[in-house]
Structure formats: structure tokens, C-alpha cells
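Data first, discussion second: the structure below is written as C-alpha cells.
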Amino acid sequence: MVMKKFTFIAEYKKGTYISQYESSNLMEALVIWADNLDIQFFTEKVKAKIQEKVRDNFYSPVSIEKVDNVWCSSYVIFRSLLLLNIVETV
Numbered sequence: 311m312v313m314k315k316f317t318f319i320a321e322y323k324k325g326t327y328i329s330q331y332e333s334s335n336l337m338e339a340l341v342i343w344a345d346n347l348d349i350q351f352f353t354e355k356v357k358a359k360i361q362e363k364v365r366d367n368f369y370s371p372v373s374i375e376k377v378d379n380v381w382c383s384s385y386v387i388f389r390s391l392l393l394l395n396i397v398e399t400v
């Protein structure tokens, strides 16, 4: 199984949070990202809501037109916007 590295760039409540995870595919990497959010920046309640949303296909990341290996997704978490950009890093 070939592992790929994904870079996650999250904008939430005036902060930018960047992390990387390895996975065989985008959706698995997204779940890994959500499960490893730092509670220093995301409370347990917020983390649980993010975990719930990333597992819902309605919120699946969409690819950015004319840009290879880049996706975007957004979530409303307790009335605050979380904008997530994902880059498959090579």
C-alpha cells in the first residue's frame, strides 16, 4: 500500500493550524487529521463536532479546479467557520 503525505491548513477563529499526516487516501487522512486535533486549540466539544462532520459525506472535500492534488472543505462549528485546505504533498 502506497502512503501519501497530506498537508492540512485549517483557518478557525482567527488562527491558522497546519499539520501533516500520511495515509493511503484523502478521506482516511481527513479522519486521521480530525482525530488528532490539538485540544490546546480545539476544545473536546469542538473536536467532537469536527470529527462528526468529516465523517459525513455531505462535507467531503472538493478538488480545486485546475490545481493538482488540492482540496477544500468548510464546516460551521458552533456558529464559527472552519475553512480547511488539503494538499497532497509530494
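Throughout, my numbering is defined as the position within the sequence shown, counted from one, plus 310. The C-beta atom is built at its ideal place from N, Cα and C for all residues, glycine as well.
Endpoints, alpha helix (DSSP H) assigned at residue i
i       : result
Glu-375 : Premise fails: Glu-375 is in no alpha helix (DSSP H) and is neither H nor E.
Val-341 : 336-345
Gln-361 : 354-364
Exposure label - residue i; buried when at least 16 CB within 10 Å
i       : result
Phe-316 : buried
Phe-352 : buried
Val-372 : exposed
Ile-328 : exposed
Phe-318 : buried
Proximity to residue i [Cα-Cα], best of the options
i       : options                               : result
Lys-314 : Ile-342, Gln-350, Tyr-327 and Tyr-322 : Ile-342
Lys-359 : Tyr-385, Val-397, Glu-375 and Val-377 : Tyr-385
Ser-409 : Asp-348, Val-400, Ala-344 and Ile-349 : As displayed, the chain neither begins before 311 nor continues past 400, which places residue 409 out of reach and without an answer.
Whole-number beta carbon distance between residue j and residue i, since they are thought to touch under 8 Å
i       : j       : result
Glu-398 : Asn-379 : 4 Å
Phe-388 : Val-364 : The Cβ separation is near 16 Å, so there is no contact.
Delimiting residues of the beta strand (DSSP E) encompassing residue i
i       : result
Ser-370 : No beta strand (DSSP E) holds Ser-370; DSSP gives it neither H nor E.
Worksheet item: Are the segment 329-337 and the segment 386-394 touching, with three or more C-beta to C-beta distances below 8 Å?
Response: Below 8 Å, too few C-beta pairs join the segment 329-337 and the segment 386-394 to call them touching: fewer than three.
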